[in-house]
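Asks:
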Amino acid sequence: MRKAIAVLFLGFIGYYLLSTFLLVPFGVVRVLEGVGLKYLQDGLQQTGAANLVTSIVVNYRGFDTLGEVTVLFLAATGMGALLYSKRPTERARQNASVIVKTGARILFPLIIILGAYVFIHGHLTPGGGFQGGAIIASGFLLMFMSYRTYHVNHVILSRVESSAGSVFVIIGLLGLAYGSSFLANILPLGTANTLFSAGVIPLIYVAVGFKVGAELTALLDTMLQTVK
Amino acid sequence: MIYYVAAISLILIGIYAVLVKKNMIKIVLGLTLIDSGVNILLVSLGYVKDKTAPIFSNPTLTAGDMVDPVPQALVLTAIVIGVAVTALALSIVIRIYDHHKTLNINKIRELKW
Amino acid sequence: MYLDPVLMIALPLFAAFLIPPLARISKGLVKYVPVLIIGFNLYETVMLLPHSMVKPVIVIIAAWAPPLGINLTIGPLGNVLALIISLVGFVVAVYNIRFVEEEPNEKYHMLFLLLTAGATGMVLTGDIFNLFVFLEITSISSYALTAFLRDRDGAEAAFKYLLIGSMASTFILLGIALIYATTGTLNMAQIAVRLKDVDPRIAIMALILLITGFGIEAEMFPLNGWAPDAYSQAPTPIGAAFGGIVVKAGVYALARLIYTIFSFQGIFHFILIAGIITLLIAEMSAIRQKQLKRMLAFSSIGQMGLVLIALGLATTRGVEGGLFQMFNHAMIKPLLFLSAGYLVFYSGSKNIEDMDGMGRVKPLLSFFFAFGAFAILGLPPLSGFWSKFIILSETISHGFIAVATLALFGSIIEAVYYLRVVGRLYFKAPHDGAKVQYVPKSALVAMSILALITLVTGLYPDLVMTYLKPAAAELIDKSIYIKAVLSAGL
Numbered sequence: 297m298r299k300a301i302a303v304l305f306l307g308f309i310g311y312y313l314l315s316t317f318l319l320v321p322f323g324v325v326r327v328l329e330g331v332g333l334k335y336l337q338d339g340l341q342q343t344g345a346a347n348l349v350t351s352i353v354v355n356y357r358g359f360d361t362l363g364e365v366t367v368l369f370l371a372a373t374g375m376g377a378l379l380y381s382k383r384p385t386e387r388a389r390q391n392a393s394v395i396v397k398t399g400a401r402i403l404f405p406l407i408i409i410l411g412a413y414v415f416i417h418g419h420l421t422p423g424g425g426f427q428g429g430a431i432i433a434s435g436f437l438l439m440f441m442s443y444r445t446y447h448v449n450h451v452i453l454s455r456v457e458s459s460a461g462s463v464f465v466i467i468g469l470l471g472l473a474y475g476s477s478f479l480a481n482i483l484p485l486g487t488a489n490t491l492f493s494a495g496v497i498p499l500i501y502v503a504v505g506f507k508v509g510a511e512l513t514a515l516l517d518t519m520l521q522t523v524k
Numbered sequence: 176m177i178y179y180v181a182a183i184s185l186i187l188i189g190i191y192a193v194l195v196k197k198n199m200i201k202i203v204l205g206l207t208l209i210d211s212g213v214n215i216l217l218v219s220l221g222y223v224k225d226k227t228a229p230i231f232s233n234p235t236l237t238a239g240d241m242v243d244p245v246p247q248a249l250v251l252t253a254i255v256i257g258v259a260v261t262a263l264a265l266s267i268v269i270r271i272y273d274h275h276k277t278l279n280i281n282k283i284r285e286l287k288w
Numbered sequence: 187m188y189l190d191p192v193l194m195i196a197l198p199l200f201a202a203f204l205i206p207p208l209a210r211i212s213k214g215l216v217k218y219v220p221v222l223i224i225g226f227n228l229y230e231t232v233m234l235l236p237h238s239m240v241k242p243v244i245v246i247i248a249a250w251a252p253p254l255g256i257n258l259t260i261g262p263l264g265n266v267l268a269l270i271i272s273l274v275g276f277v278v279a280v281y282n283i284r285f286v287e288e289e290p291n292e293k294y295h296m297l298f299l300l301l302t303a304g305a306t307g308m309v310l311t312g313d314i315f316n317l318f319v320f321l322e323i324t325s326i327s328s329y330a331l332t333a334f335l336r337d338r339d340g341a342e343a344a345f346k347y348l349l350i351g352s353m354a355s356t357f358i359l360l361g362i363a364l365i366y367a368t369t370g371t372l373n374m375a376q377i378a379v380r381l382k383d384v385d386p387r388i389a390i391m392a393l394i395l396l397i398t399g400f401g402i403e404a405e406m407f408p409l410n411g412w413a414p415d416a417y418s419q420a421p422t423p424i425g426a427a428f429g430g431i432v433v434k435a436g437v438y439a440l441a442r443l444i445y446t447i448f449s450f451q452g453i454f455h456f457i458l459i460a461g462i463i464t465l466l467i468a469e470m471s472a473i474r475q476k477q478l479k480r481m482l483a484f485s486s487i488g489q490m491g492l493v494l495i496a497l498g499l500a501t502t503r504g505v506e507g508g509l510f511q512m513f514n515h516a517m518i519k520p521l522l523f524l525s526a527g528y529l530v531f532y533s534g535s536k537n538i539e540d541m542d543g544m545g546r547v548k549p550l551l552s553f554f555f556a557f558g559a560f561a562i563l564g565l566p567p568l569s570g571f572w573s574k575f576i577i578l579s580e581t582i583s584h585g586f587i588a589v590a591t592l593a594l595f596g597s598i599i600e601a602v603y604y605l606r607v608v609g610r611l612y613f614k615a616p617h618d619g620a621k622v623q624y625v626p627k628s629a630l631v632a633m634s635i636l637a638l639i640t641l642v643t644g645l646y647p648d649l650v651m652t653y654l655k656p657a658a659a660e661l662i663d664k665s666i667y668i669k670a671v672l673s674a675g676l
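Chains as they are written, first to last, in the numbering used here: chain A, 297 to 524; chain B, 176 to 288; chain C, 187 to 676.
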């Protein structure tokens, strides 16, 4: 009964959603004066970042990204608050085999380097702070899975989180103090497609990379600590 | 076209899980399915046929060769928000499990809808 | 003299990032951080008022003029709501100083600060996706705060709120996707201009999706299932913050949507009908509640129904009345919640029955509750009277006699259940076992501020109305808003 009602309801929603979206033509340029095209045309000169998605995420819509970083920070905080002083449930986590352990030990530094590479080159190649941070956290996840007793120092993680978040806001405030507005670029743009280009974008993305890496790792570790 | 159908089906499957499933973990999985559906939908809205990623990695590329970068930037934000909500949802589930020792929502729901 | 308004959002975020290191130095200091930061926001909003009343203040972010970059648009409406949010936030932060003993309390203060910052961002931003991001900040901190006490009911209420809230964000995101796909912009002013040329079928679908999404935050029927549980199971100050902050931001988003961005004629009637249904169902549920805080939660939904009716009228005077009602509700409902929190604490029970005779045991606390109850019922000359009077008279003069009658009926129900509680407080003998302890000074200060504001706005409603008139004008005549934003780029 419940299922039947749900299916009917979903059919109703699905029909209207789909019929509306089918009115939106797929795979063509629909709006000739949209902001998307403006970014494509002027983005490279205006921000100096070869990767336009990055220039939108960090520069044009940098305020969103500050909010986004805050959302992740909130999740880590909320999780810390909710799972505070929870007694670990008795459930043995198995030790991984020697092969996995050795492999993990070799891979771990490489994964961290890959993550760092991805966020440092966020303005040049696909990727950026969020992706790099996620890669770093996946490295830690590998370690958590292969070593039962592997733990990360929460104080250090929280320091990294706090200082990376503050760096983001401080760069923004410097823009306000020395430039025209909050988050405004105050550094020279440099030559596009070189590492030292795009003004403050790489700096912000490095901070975001550290912050996301630390936060996701903290999330994983908090979660794992509820199980003995 | 098929992208729209797939994305909307994903959203519907997710909503179905949230409405019908009794296990809280499955409900949270439903939420993540909805998120991915919306994200795929957003990205496919930005797609333009025969065009490439919006990165000037190669000097021959011009603005006319690229897809709309805005939906990709939005999806990045949406993904992060989805991760945050999922993490919080799981920790709430852990708390509820702690109190009731069950994940079945029928045995738990004392608060009326 | 005001500083750059972007600081109203940047500073709370900065402070929240710095709270963990501060907590390691001194835990005692953390609870003063929200007071300080939200106090700064309050100062800013007050200083901005004279400027925004004349002409919306446009704040450009990252040096890109709209529509390329995100901007803050602080018109009269945004300014007034930011003022309300900061005021309630400030009062609740003061109340928090001595209320929260639960560990880890630095996280509590952090979450509360971010909740206020998120709501402030929602009412100030001029970009629809940015609005969504701030909505998420607000609601994610609300989920975490609802479950903060880590008790059974709190966790369940939070889970339910989270499920409904994620649905809301899905719908909003889908709506934004449709809008972006057809107008190619995310700036609200530019969307408003371009939507005229969009296929109406797509525009209406986007509107439905967005209204569903924001209606959930604004407690619109039938999307308000989360509210009673979340209000009553969250820590008391958070219940107050839901009524004074979260819901206000949700209603702002709705108003901006139906007036500035879409402004289809048919939608106003829909909002009017949704409002009256919300009002009636909420009041009828409220009268059946046995728990004090649940009753207050349903009453809050009912009040929002009244606001929706006012917004659905789509006349200048009606919108003024609705905004005034929002202001009153934002001052009175936290007062009721904060005093109810201690009444519940001292009587040792959540039930209304156990409040007997608290008027004698805790005279000041009961006075605040009774005062709030009278004000929200609209006993002249308290402030609730003026807003209800404006809304009802406007409803009647536009020929919606049936709506006015039903709304009046709802108000009578409301009077019955509030007076029932007040009667119990004063005219019943106290139970034994009521704890007699003193109420912390910070809580009394917080409640006195709210009571004083209620009293003053009741005696001199024009003090508030001067600022609400331009705010209503901004909604009715959307060209003011659009022109201000789009000319900022030139």
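All C-beta atoms in this analysis are idealised placements derived from N, C-alpha and C, irrespective of residue type, glycine included.
Does any CB atom of chain E fall closer than 9 Å to the CB of A/ASN355?
Replies: The chain labelled as chain E is not found among the protein chains of the depicted structure, namely A, B and C.
Asks: Would A/PHE322 pass as a contact of B/SER219 if the rule is Cβ separation under 9 Å?
Replies: Their beta carbons are under 9 Å apart, which means A/PHE322 touches B/SER219 by this criterion.
Asks: Based on the DSSP output, what are the partners of B/MET241 in its beta bridges?
Replies: According to DSSP, which records beta bridges pairwise, B/MET241 is partnered with B/THR227.
Asks: Which chain C residues sit within Cβ distance under 8 Å of B/THR235?
Replies: Under the 8 Å cutoff, chain C gives no residues; its nearest Cβ is about 26 Å from B/THR235.
Asks: Please check if any C-beta of chain B sits within less than 9 Å of the C-beta of C/PHE428.
Replies: It does not; no Cβ of chain B falls within 9 Å.
Asks: Which word fits B/SER232, buried or exposed, when buried means at least 16 other C-beta atoms lie within 10 angstroms of its C-beta?
Replies: Classification of B/SER232: exposed, given that the 10 Å Cβ count is below 16.
Asks: Spatial neighbours of C/GLU403 within its chain, please: CB distance less than 6 Å, with the 5 preceding and 5 following residues excluded, ordered by chain position.
Replies: If we look at C/GLU403 and ignore the five residues flanking it on each side, its Cβ neighbours are GLY436.
Asks: Pull out every residue of the segment 320-347 of chain A whose Cβ sits closer than 7 Å to any Cβ of chain C, in chain order.
Replies: For the segment 320-347 of chain A, which is checked against every Cβ of chain C, the residues closer than 7 Å are VAL320, ARG326, VAL327, GLU329, GLY330, VAL331, GLY332 and LYS334.
Asks: Pick helix, strand or coil for C/VAL384, following the three-state DSSP scheme.
Replies: Looking at C/VAL384 - three-state DSSP - the assignment turns out to be coil, as it is neither helix nor strand.
Asks: Where C/GLY275 and C/LEU269 are concerned, what is the direct C-alpha to C-alpha distance, given to the nearest angstrom?
Replies: If you take the alpha carbons of C/GLY275 and C/LEU269, they lie about 10 Å apart.
Asks: Is there a Cβ from chain A that is less than 9 Å from the Cβ of B/LEU286?
Replies: Note on B/LEU286: pLDDT 48, under 50, position unreliable in the model; the coordinate value appears next. Cβ-Cβ to chain A under 9 Å: no for B/LEU286.
Asks: Determine the DSSP secondary structure at A/GLN521, reduced to helix, strand or coil.
Replies: If DSSP states are grouped into helix, strand and coil, A/GLN521 belongs with coil.
Asks: Hey, how far is the Cα of C/ILE666 from the Cα of C/GLY498?
Replies: Going from the Cα of C/ILE666 to the Cα of C/GLY498 covers about 20 Å.
Asks: Could you tell me if A/HIS447 is buried or exposed, where buried requires 16 or more neighbouring beta carbons within 10 angstroms of its beta carbon?
Replies: With fewer than 16 Cβ atoms within 10 Å of its Cβ, A/HIS447 is classed as exposed.
Asks: Closest by CA to A/PHE426, which one among B/LYS282, B/ILE256 and B/ARG270?
Replies: Closest option to A/PHE426, Cα to Cα, is B/ILE256.
Asks: For the alpha helix (DSSP H) that contains C/THR640, what are its first and last residues?
Replies: Unbroken alpha helix (DSSP H) run through C/THR640: 627-645.
Asks: Provide the residue(s) that pair with C/LEU258 in DSSP beta bridges, ordered along the chain.
Replies: Bridge partners of C/LEU258: C/VAL245 and C/THR311.
Asks: Could you list which residues in chain B have their beta carbon closer than 7 Å to that of A/ASP360, in chain order?
Replies: THR252, listed in chain order.
Asks: With DSSP collapsed to three states, give me the class of C/GLN477.
Replies: Residue state, collapsed to three classes: strand.
Asks: How would you list, in chain order, the residues of chain C whose beta-carbon sits under 9 Å from the beta-carbon of A/TYR311?
Replies: Near A/TYR311 there are no residues of chain C at all, since even the closest Cβ is about 12 Å away, more than 9 Å.
Asks: Using a Cβ-Cβ cut-off of less than 8 Å, list which residues of the segment 227-251 of chain C approach chain A; keep chain order.
Replies: Listed by position along the chain: VAL245, ILE246, ILE247, ALA248, ALA249 and TRP250.
Asks: Give me the Cα-Cα distance between C/TYR630 and C/ILE223, rounded to the nearest whole angstrom.
Replies: Residue 630 of chain C is actually Leu in this sequence, not Tyr. Cα to Cα, C/LEU630 sits roughly 21 Å from C/ILE223.
Asks: Contact criterion: CB-CB distance below 9 Å. Does A/GLU511 meet it with respect to chain C?
Replies: No, its Cβ sits nowhere closer than 9 Å to a Cβ of chain C.
Asks: Counting only beta-carbon atoms, is C/ALA416 nearer than 9 Å to chain A?
Replies: No, its Cβ sits nowhere closer than 9 Å to a Cβ of chain A.
Asks: Using the three-state DSSP reduction, which class does C/ASN265 fall into: helix, strand or coil?
Replies: Helix, per DSSP.
Asks: Counting only Cβ pairs nearer than 8 Å, list the residues of chain B close to C/VAL319.
Replies: Neighbours of C/VAL319 on chain B, chain order: THR252 and ILE256.
Asks: CA-CA distance, C/PHE200 and A/GLY471?
Replies: C/PHE200 and A/GLY471: Cα-Cα distance of roughly 15 Å.
Asks: Suppose the cutoff is 6 Å on Cβ atoms and the five residues either side in sequence are ignored; what does the same chain contact list for C/ILE444 look like?
Replies: If we look at C/ILE444 and ignore the five residues flanking it on each side, its Cβ neighbours are ILE453.
Asks: Could you give the residue range of the alpha helix (DSSP H) that holds A/SER462?
Replies: Start and end: 450-474.
Asks: Can you say whether B/TRP288 is buried or exposed, counting buried as having 16 or more other CB atoms within 10 angstroms of its CB?
Replies: Its pLDDT being 45, under 50, B/TRP288 is placed unreliably in this model, and the coordinates cannot settle the point.
Asks: Below 6 Å CB to CB, which residues in the same chain sit around B/HIS275 once its five sequence neighbours on both sides are set aside?
Replies: Here the set comprises ILE283.
Asks: So, with DSSP's three-state summary, where would you put B/ASN279?
Replies: Correct three-state label for B/ASN279: strand.
Asks: Here's the rule I'm using: 16 or more other beta-carbon atoms within 10 Å means buried, otherwise exposed. How should C/MET727 be labelled?
Replies: Outside the displayed range of chain C (187 to 676) lies residue 727 of chain C, so it cannot be described from this structure.
Asks: Only counting the same chain, and skipping five residues up and downstream in sequence, which positions put a Cβ closer than 7 Å to that of A/ALA302?
Replies: Excluding positions up to five away in sequence, the list is empty.
Asks: Determine, using beta carbons only, whether A/GLY374 comes closer than 9 Å to chain B.
Replies: For A/GLY374, the answer is yes, since a Cβ of chain B falls inside 9 Å of its Cβ.
Asks: Using a cut-off of 9 Å between C-beta atoms, extract the partners of A/GLY461 located in chain C.
Replies: The answer, in chain order, is LEU199, PHE200, ALA202, PHE203 and LEU204.
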